[in-house]
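**Q** My questions will all concern the structure given below.
Residue numbers (this note's numbering): 1 to 392.
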């Protein structure tokens, strides 16, 4: 990037940061202030500045051969996203950066003691979202600690990638990162398709809608990639990986249902003896969480000791269950809508844009009605068989 472009980019991001300072509403833990927005602007600029075009990495003799192989694979996936999934053809994921850390950002999520409803924070351009992101892990952990001191259940967790919704494509777009480029083939494809889908449709103030839509695209697109492009060995490895994930998601889904039932009773009983009710609810909640941990240990044993979800389980609380629901709960309904659109991604995106234009409650109800009308295959399965032509 030339010095002139960098100066323009810096001025643009500084102006965005100043605008954000005057346009944000707050939430628990205090409204984001100058320090928060400064770390957001400078953190993203540092990420963009670290990125170089993939072709430069491939031609550089110092680039490790294993990394070159992953970058070539990622570019194949990027082309597949355009030609087969009708995802945007732009600068995103044509550059690569090594951030020298394990995550792109750390998200903080929070929920009340007896609810899975996420707290939200509101931002210019993005609207309100059920998370707050930090480029520095210590700052994220400090903010989560402040929320816990207020009586909320909060956690900071690492995120391998995030989307700028296409707004920074003129700066080079969202880059490939060391934080995820080494994922297994199926997971790398799904992540790229997920993040690109945020550039297709984004509904302000609706994390559940946005993330469930992206989850549906990653599942449908990932299945197509594996069927059409992956080696038999990659498909076998991914089937084992995804089988464990589906079992874990089913366990967490049942736990969310159990907790929601407990918390609903808490709301009905608050007019009575509050202390006794709280003690009773705390005991029932503790029993539900103990059952979750026990069932997880049983799953691990059935997996031969695979411990890939240990970190998630160790920090599990209302906030982590709430954020998982945002990614999963409406995904089957989006898959149903995809099937009704003839399994054509372009038509599917048009239908989702129509939903995004509706009021939040109305779009959610429309998706639930869509799901009720159809019999949906298991999550991750293709609802349509061989992919049809997808005219653009």
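All C-beta atoms in this analysis are idealised placements derived from N, C-alpha and C, irrespective of residue type, glycine included.
(1) Quick test of the definition: if touching needs 3 or more C-beta pairs under 8 angstroms, does the segment 209-220 touch the segment 320-330?
(2) Count the other CB atoms within 10 Å of the CB of residue 198; is the residue buried (16 or more) or exposed (fewer)?
(3) Name the one or two DSSP bridge partners that residue 121 has.
(4) Going straight from the alpha carbon of residue 208 to that of residue 174, what length do you get?
(5) Quick one: Cα of residue 307 to Cα of residue 358, how far?
(6) Please go through the segment 132-190 and give each complete alpha helix (DSSP H) segment of 4 or more residues, from N-terminal end onward.
(7) For residue 170, count neighbouring Cβ atoms within 10 angstroms of its own Cβ and tell me buried if that reaches 16, exposed if not.
(8) Just to confirm before moving on: does the CB-CB distance between residue 127 and residue 204 stay below 8 angstroms?
(9) Counting pairs of Cβ atoms below 8 angstroms between the segment 84-97 and the segment 181-200, do you hit three or more?
(10) Can you round the beta-carbon distance between residue 131 and residue 108 to whole angstroms, since I take them to be within the 8 angstroms contact cut?
(11) Would you please state the rounded distance, in angstroms, between the beta carbons of residue 337 and residue 348? I believe it to be under 8 angstroms.
(12) What residue range does the alpha helix (DSSP H) around residue 210 cover?
(13) For residue 372 and residue 206, what's the separation of their Cα atoms in angstroms?
(14) Can you give me the C-alpha to C-alpha distance between residue 369 and residue 362, rounded to a whole angstrom?
(15) How big is the Cα-Cα spacing for residue 313 and residue 246?
(16) Could you check which residue in 133, 295, 340 has the C-alpha nearest to that of residue 163?
(17) Would residue 93 and residue 66 qualify as a contact pair, given that the criterion is a beta-carbon distance under 8 angstroms?
(18) At the level of alpha carbons, what is the spacing between residue 259 and residue 290?
(19) For residue 232, which three-state DSSP category applies?
(20) What whole-angstrom Cβ distance do residue 192 and residue 281 have, given they're in contact under 8 angstroms?
(21) Among all the DSSP beta bridges, which residues are the ones paired with residue 106?
(22) I'd like the list of long-range same chain contacts for residue 352, defined as Cβ closer than 8 angstroms, with 5 residues on each side in sequence excluded.
**A** Walking through what the data contain:
(1) yes
(2) Here the question's residue 198 lines up with position 198 in the chain shown. Classification for residue 198: buried.
(3) If you number the chain shown from 1, residue 121 lands on position 121. 129, per the DSSP bridge assignment.
(4) On the chain shown, residue 208 is found 208 positions in, with the first residue counted as 1. On the chain shown, residue 174 is found 174 positions in, with the first residue counted as 1. Taking the straight line from one Cα to the other gives about 22 angstroms.
(5) Translated into positions along the chain shown, residue 307 becomes position 307. Translated into positions along the chain shown, residue 358 becomes position 358. The straight-line gap from Cα to Cα measures roughly 42 angstroms.
(6) 137-149
(7) In the chain shown, the residue the question calls residue 170 occupies position 170. Burial call: exposed.
(8) Mapped onto the chain shown, residue 127 falls at position 127. Mapped onto the chain shown, residue 204 falls at position 204. Cβ distance < 8 angstroms, so residue 127 and residue 204 count as in contact.
(9) yes
(10) Residue mapping note: residue 131 aligns to position 131 of the chain shown, counting from 1. Residue mapping note: residue 108 aligns to position 108 of the chain shown, counting from 1. Confirmed, Cβ separation roughly 7 angstroms.
(11) As a first step, residue 337 must be located in the chain shown, where it is residue number 337. As a first step, residue 348 must be located in the chain shown, where it is residue number 348. That pair is a contact at about 7 angstroms.
(12) On the chain shown, residue 210 is found 210 positions in, with the first residue counted as 1. Its alpha helix (DSSP H) spans residues 207-228.
(13) Start at 1 with the first residue of the chain shown, and residue 372 comes out as number 372. Start at 1 with the first residue of the chain shown, and residue 206 comes out as number 206. Cα-Cα distance, rounded: 21 angstroms.
(14) Stepping through the chain shown from its first residue, residue 369 is reached at position 369. Stepping through the chain shown from its first residue, residue 362 is reached at position 362. In a straight line, the C-alpha of residue 369 is about 10 angstroms away from that of residue 362.
(15) Within the chain shown, the letter at position 313 stands for residue 313. Within the chain shown, the letter at position 246 stands for residue 246. Approximately 15 angstroms between the Cα atoms of the pair.
(16) Start at 1 with the first residue of the chain shown, and residue 163 comes out as number 163. Considering only alpha carbons, the answer is 133.
(17) Translated into the one-based positions of the chain shown, residue 93 becomes position 93. Translated into the one-based positions of the chain shown, residue 66 becomes position 66. Cβ distance not < 8 angstroms, so residue 93 and residue 66 don't count as in contact.
(18) Locating residue 259 in the chain shown gives position 259, counting from the first residue. Locating residue 290 in the chain shown gives position 290, counting from the first residue. The straight-line gap from Cα to Cα measures roughly 12 angstroms.
(19) The residue you call residue 232 lines up with position 232 of the chain shown. Residue 232: helix per DSSP, three-state reduction.
(20) Start at 1 with the first residue of the chain shown, and residue 192 comes out as number 192. Start at 1 with the first residue of the chain shown, and residue 281 comes out as number 281. No, residue 192 and residue 281 are not in contact; Cβ-Cβ is about 42 angstroms, not under 8 angstroms.
(21) As a position in the chain shown, residue 106 is number 106, starting the count at 1. Answer by DSSP bridge pairing, in chain order: 134, 158.
(22) Indexing the chain shown from 1 puts residue 352 at position 352. Correct list, in chain order: 200, 201, 213, 334, 337.
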